[in-house]
Structures are given as C-alpha cells and as structure tokens.
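Residues in the sequence shown are numbered consecutively from 93, following my numbering.
The beta carbon of each residue, even a glycine, is placed where N, CA and C say it ideally should be.
Everything numeric in this text was worked out from a predicted model, so none of it was measured.
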Amino acid sequence: MNETQNKNSIIRLFNVSKRFGGKLALKDITLDIEQGEFIFISGPSGAGKSTLLKILYLAEKVSEGQILIDGMNLARISSSKLPLLRRRFGMVFQDFKLIPTRTVYENVALVLEAAGEKPAYIKKKVMQVLRTTGMEKKFKALPPTLSGGEQQRVAVARAVVGEPSIILADEPTGSLDSKSAQAVLDFLMEYHKNGATVLIASHNLHLLESTVRGRNIEISDGTINRTATML
Ligand SMILES: Nc1ncnc2c1ncn2[C@@H]1O[C@H](COP(=O)(O)OP(=O)(O)OP(=O)(O)O)[C@@H](O)[C@H]1O
Ligand SMILES: [Mg+2]
93 MNETQNKNSI
103 IRLFNVSKRF
113 GGKLALKDIT
123 LDIEQGEFIF
133 ISGPSGAGKS
143 TLLKILYLAE
153 KVSEGQILID
163 GMNLARISSS
173 KLPLLRRRFG
183 MVFQDFKLIP
193 TRTVYENVAL
203 VLEAAGEKPA
213 YIKKKVMQVL
223 RTTGMEKKFK
233 ALPPTLSGGE
243 QQRVAVARAV
253 VGEPSIILAD
263 EPTGSLDSKS
273 AQAVLDFLME
283 YHKNGATVLI
293 ASHNLHLLES
303 TVRGRNIEIS
313 DGTINRTATM
323 L
C-alpha cells in the first residue's frame, strides 16, 4: 500500500475479527476503502456481510483488530464524539429497524432533528426524500401497517436524509420487486456519483450486474475470498 492510497482512505480495517460467543463471524479482515468508492459486498447467507457493516456503523464492537474512519481510530474515540461520527454514516439495516410507534415521516425526520436542523428544512428535506423513494403518500403511516418493501424504502430514505458521506446498505433491495429494486439502486448510485462512499451488502448477485463501476468484495465464512473490480 503506498502513501497516496493511504491519504484517500476513508475506511481502514486492520486484522479485524468479530466473535459472537464461540462463533467467529469475521476472521482477520484487512481492508482499505477509498473515499467515493462503490463497494458491493457479496457472499452466501451467514458469510458475515451484515456483521461487517454493523461494526463499521459502530452497532457492534470488534473482538480484535482496529478500524480507522478518516484516520480516526474507533477504539480511541470518546463517547461524546460518537454521535457526530455516526452522523457521517447512513445505514439501511437488513431488518429495517424502524421505530414502530412513530410515523414514516417521524422516523426519517428524527435523523435531522438529532442533527439540530431547522424545522422548515426538515419538512422540505424529509418530504423530498420520501418522494424519491415513492413513500410520500404514506408519510403518516406507522411502519407495522406497511408492506416489507415499503418499510425498506423508508429505511433507505432514513439512511440518506442526512446526506451522509458513507452509506452502508444491508440487502437494501431484499424485499423489493425488480422495478423498485432498480429504483433504490439508482437512488444509491446517485449519492455515489455525488461523492458518497457506498457499501452495499447482498447475496443477490443479479444486483451486481446493474451496479456501476466499483469493487466487489466477496466474503465467505468470515473472510475475504476475493476482490474484483466491476467494469
Ligand atoms: N448477534 C449475534 N449473535 C450470535 N451470532 C451472530 C450474531 N450476529 C451474527 N451472528 C452469526 O455470525 C455469522 C454471520 O452473520 P451475518 O448476519 O453477518 O451474515 P450475512 O452474511 O449478513 O448473512 P445473510 O445473507 O443471511 O444476511 C452467522 O453465522 C450468524 O449466525
Ligand atoms: Mg445479512
């Protein structure tokens, strides 16, 4: 790895392992991701894709190894700085993690409220993102009354509303029909074109065919099997 690569790296993993009890979900992962890269993480069910995204989002702690985000070592970041750091990430969880007692609008608006944005901006921005994900008509609905695909689109809207510089999307099209899946993919690619670093995890290799130029990182059984450039 040369100096130039280091300078542009936004995410660096050094010998990262993650253990759940006796199960090693990630084994000795070393990875360097550059600012603005489009990464497709593939691999079979149980390979460790979600675990990889969750440790980057700080939703899970690593068992061994180090993670640097923009040169900052996650292990050394004070808890008071964590919310600020997390705001740089937008995450689409595989199981959505929407708040069931809050409306679609409120679920998405919460991100901007936590960031201290002005009410007028919040209203405009939330409705704009819901429009692009095709969910504006359901803005008053509660998540449990939505279909899986609709909840997924709200989860995507929530992940991008804060204009994060890093988008982590875990199976973001898993509950969608092919047309809506393509729309969500196009939507994420727009953010990539505007400079965001995008990581999509999916076991659906068909998605790869419709993604932009980027890097496919194939993991199996917790280790990186292969990385390939997608042309
Ligand atoms: N909270 C947890 N507690 C115990 N084991 C876990 C936990 N989370 C993940 N695992 C285990 O770690 C391994 C990797 O899981 P992970 O969810 O990262 O896989 P995945 O590649 O995302 O699979 P899928 O394609 O099915 O979503 C699996 O064997 C899983 O059972
Ligand atoms: Mg998963």
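What are the start and end residues of the beta strand (DSSP E) that includes residue i?
i	result
Ile-309	306–312
Gly-182	181–184
Glu-126	115–126
Can you tell me whether residue i is buried or exposed? The criterion is at least 16 other CB atoms within 10 Å of its CB, across all chains shown.
i	result
His-284	buried
Ile-121	buried
Asn-199	buried
Thr-289	buried
Arg-104	buried
Pro-192	exposed
Thr-237	exposed
Val-108	buried
Ile-316	buried
Glu-242	buried
Ile-311	buried
Gly-114	exposed
Tyr-213	exposed
Pro-136	exposed
Thr-303	buried
Note the first and the last residue of the continuous alpha helix (DSSP H) segment covering residue i.
i	result
Ile-147	141–148
Ile-214	211–224
Lys-232	Where Lys-232 is concerned, there is no enclosing alpha helix (DSSP H), given that its DSSP letter is neither H nor E.
Phe-279	270–285
Glu-198	196–206
Going by Cα to Cα distance, which pick from the options is closest to residue i?
i	options	result
Lys-216	Glu-301, Val-253, Pro-235 and Gly-157	Val-253
Gly-240	Ala-293, Met-219, Lys-189 and Leu-166	Lys-189
Ile-314	Thr-224, Asn-100, Val-184 and Arg-111	The question names Ile, yet the displayed sequence has Gly at residue 314. Cα-wise, what sits closest to Gly-314 is Arg-111.
Ala-201	Glu-282, Leu-222, Pro-264 and Phe-130	Leu-222
Arg-307	Met-322, Val-218 and Val-276	Met-322
His-298	Asn-286, Asn-317, Gly-287 and Leu-277	Leu-277
Ile-309	Ser-267, Gly-114 and Leu-145	Leu-145
Pro-219	Pro-211, Ile-133 and Glu-228	In the sequence as presented, Pro is not what sits at residue 219; that position holds Met. Checking every option, the nearest Cα to that of Met-219 belongs to Glu-228.
Gly-128	Ala-275, Ile-214 and Leu-260	Leu-260
Leu-118	Phe-106, Ile-125 and Glu-126	Phe-106
At a threshold of 7 angstroms, does residue i count as lining ligand 1 (C-beta to nearest heavy atom)?
i	result
Glu-263	yes
Thr-143	yes
Lys-115	yes
His-298	no
Quick check: does the Cβ of residue i come within less than 7 angstroms of any heavy atom belonging to ligand 2?
i	result
Ala-167	no
Ala-293	yes
Gln-186	yes
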